[in-house]
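With this note's numbering applied, the sequence shown corresponds to residues 360 to 698, in that order. Ideal Cβ placement from N, Cα and C applies to all residues, glycine included. To start, the structure under review is shown below, and the notes come after it.
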Amino acid sequence: MSAPPLPTRGQLRVVEAATRWYLARYFDSPDDPGVTRRFTEPAQVGAFAIAPEQLAAGDNAALFRLLVMTTMFQRRQDQQILRILRGMSPQRAREVTDRDALLRHADACACPHTKTNEALINACDLTKDATRRGACQASPTVPCVLKEHTVWLKRYGHFGKVPTSAALNLRERGHGGLEELYASSLARLRTRDARAIACEEALTSSWRVSAKIACMFLSAISNPDLARGLAPWQRGLEWRRYVVIDSNVDLFLEAIAYRGSNTYEARRAFLREVSRRVDLRSMSRRLHRDNPRVVQQAMYVFMSASNRRAAARDCMHLGPAACRRCPRTLRERCAVRSV
């Protein structure tokens, strides 16, 4: 891959202004969609909430539950996904996040397409029928928990494959859980960057786990500034690799006239170059000087109109006077400006 374009002074001014805005308004608050703590709070995620001490310890069950939760955050607004999570019963939340139970169901199912991750991805044609019930053409009469999961998760018709695919992927790699994936990367690979890449690539072998979703999960358990005591994978991984690039981040990049390639790797490299030039320590002594995930989160929150409208703390609720006080570099790019 060719080197990313270097950020211009003008681009850096906008990024720095957005980062200061984010740190002042959102960072580490109950309305910050990027902090790991959100996944431990029943008020946010309902019965999916993880005990903080289990997450901090790198407990396999806690990590797998977090992985399933993070896969939900794609192509829908955060607030919609949070409502889905909160609306699921404790029993159903346990069933779709219990790795061992998912594997038992897959092994016991009469359908051959649940036996391997490859078959599940390529041969299983899980969908929803006209009545919104789980259905398929490959084994239409075979009882299958995936047909139930796809209804419970309230996403695409094929989304019910997600939890079982993640469980099969880990087993086929010889890991008893996600903690073993991490331990294996530490033992096999010499550099922090190689380990970080290996963990990301392993996760993206699961159904609907893109680089974005893998980075969301991995940053939640490795980034010291966003996890704050809940980062069991911080040691030994290049956690700066994990940035979450979605449509809102792309809107910000467009707003600052990013001219590089549109591949995930190119945008990731550009964000890391930007972060190297944004001194977070000068903005908050609580932060590492260079943290691309924090800079990226500032871009995301600033451009996320739905999250901002839902947050009472957002300056958009203060009316035109607040907009006039905002730096022009931000005001003219704001998705919810009043003036």
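Judged by their CB atoms, A421 and P449 are not nearer to each other than the 8 angstroms cut-off. As computed with DSSP, G493 is found in a beta bridge with K487.
Classified as buried, A452 has 16 or more neighbouring CB atoms from the shown chains inside 10 Å of its CB. Distances from the alpha-carbon of A542 to those of D390, D418, W380 put D418 closest.
M662 sits in a helix when the DSSP states are folded into three classes. Annotation for L441: the continuous alpha helix (DSSP H) segment containing it runs 437-446.
Look at the stretch 528-600 and you find these whole runs of alpha helix (DSSP H), each 4 residues long or longer: 537-547, 551-562, 570-581, 583-586. Here R636 really is in contact with P366; their C-beta atoms are around 6 angstroms apart, less than 8 angstroms. Considering only G516, A614, A657, P364, the residue with the shortest C-alpha distance to T490 is G516.
Secondary structure at E400: coil, using DSSP grouped into helix, strand and coil. DSSP places E624 in the uninterrupted alpha helix (DSSP H) bounded by 623-635.
Two segments are said to touch when three or more pairs of C-beta atoms, one from each, lie closer than 8 angstroms; by this definition the stretch 426-441 touches the stretch 549-569. Burial state of A628 is buried, judged by a 10 Å Cβ sphere holding 16 or more other Cβ atoms.
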